[in-house]
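J.: Shown below is the structure under consideration.
Structure representation (structure tokens):
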């Protein structure tokens, strides 16, 4: 991928609040968020729609700023778009007039280290499709290219906002395993937004459950099952039941 791999970074979210609007029209999206993420940790964010999961990712990446509080990466306050972060969105967001290779090159151009883009595309299963346009490949392949673009910046922190939500079930499982593989090799810190409890259980070291909008963190669940995990492992059942019960679902 590059001549030197970044190790993951620690992330601290300290007394963070985020609101939109003023006075009577003010909407508190996040309030009293305190969270410490260790170097190389994989954290999944779960919670009801509108609770601020995506907003929190934007604050970590520097795409938005907290109304109160601060976010630090390796003890340095995030101010403005932070080059230590790579971001992968729910939609691939590839430029349609550029090949897959050229789209990934956009991420590589943000990396001061030399990146072997073709090797990176091969790493995510796109060897032979380097010259293809986004419209010429499947949704799963386009999302692989988006993941490669996020990795091309050689991020210390990889932020993913429901990146597999639009994929079919089998492709989604394949992409989950691919993500685990490539981030484990580089020891990248990963923060992953999902609505899928089983996805969170398969991927995360810890699952952070956000409460309803403006009510902070409801619970943090450490998944004490060694990775890589068998999705049907009996030891995951108590964690699954606990998380489903959080959303009022009997499973």
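In my numbering, the protein residues as written are 4 to 254.
Here a beta-carbon is modelled for each residue, glycine too, at the ideal position from N, C-alpha and C.
1. By Cβ distance, which residues of its chain are closer than 6 Å to residue 73, with the 5 residues on each side in sequence left out?
2. Return the CA-CA distance between residue 249 and residue 135, expressed in angstroms with no decimal places.
3. Express the C-alpha separation of residue 239 and residue 90 in angstroms, rounding to a whole number.
4. Can you say whether residue 85 is buried or exposed, counting buried as having 16 or more other CB atoms within 10 angstroms of its CB?
5. Measuring straight from C-alpha to C-alpha, what distance separates residue 113 and residue 155?
6. So what does DSSP say about residue 82, is it helix, strand or coil?
7. Answer yes if the stretch 98 to 116 comes into contact with the stretch 132 to 147, meaning at least three C-beta pairs across the two stretches below 8 Å, and no otherwise.
8. Terminal residues of the continuous beta strand (DSSP E) containing residue 39?
9. I'd like to confirm the pairing. Which residues does DSSP put opposite residue 159 in its beta bridges?
10. Considering only the beta carbon of each residue, do residue 204 and residue 243 sit closer than 7 Å?
11. Please report how far the alpha carbon of residue 193 lies from the alpha carbon of residue 95, in whole angstroms.
12. By the 10 Å Cβ neighbour count, where 16 or more other Cβ atoms means buried, how is residue 184 classified, buried or exposed?
T.: So, from the data block:
1. The residue labelled residue 73 in the question sits at position 70 within the chain shown. Here the set comprises 17, 80.
2. Here residue 249 is taken as the residue at index 246 of the chain shown, counted from 1. Here residue 135 is taken as the residue at index 132 of the chain shown, counted from 1. Cα to Cα, the separation comes out at about 44 Å.
3. As a working note, residue 90 is residue 87 in the chain shown. As a working note, residue 239 is residue 236 in the chain shown. Rounded to the nearest angstrom, the two C-alpha atoms are 29 Å apart.
4. Taking the chain shown and counting its residues from 1, one reaches residue 85 at position 82. Looking at its Cβ environment, which holds 16 or more other Cβ atoms inside 10 Å, residue 85 is buried.
5. What you label residue 113 is simply residue 110 of the chain shown in a count that begins at 1. What you label residue 155 is simply residue 152 of the chain shown in a count that begins at 1. Approximately 8 Å between the Cα atoms of the pair.
6. Taking the chain shown and counting its residues from 1, the one referred to as residue 82 is at position 79. Shown here, residue 82 sits in coil according to DSSP, grouped into three states, outside any helix or strand.
7. yes
8. Sequence index remark: in the chain shown, residue 39 carries index 36 (1-based). Here the beta strand (DSSP E) through residue 39 covers 30 to 40.
9. One-based indexing of the chain shown puts residue 159 at position 156. For residue 159, which the question treats as bridged, DSSP gives no partner whatsoever.
10. As a position in the chain shown, residue 204 is number 201, starting the count at 1. As a position in the chain shown, residue 243 is number 240, starting the count at 1. Yes, the Cβ-Cβ distance between residue 204 and residue 243 is below 7 Å.
11. Here residue 193 corresponds to residue number 190 of the chain shown, with the count starting at 1. Here residue 95 corresponds to residue number 92 of the chain shown, with the count starting at 1. Residue 193 and residue 95: Cα-Cα distance of roughly 18 Å.
12. Looking up residue 184 in the chain shown gives position 181. Residue 184 should be labelled exposed.
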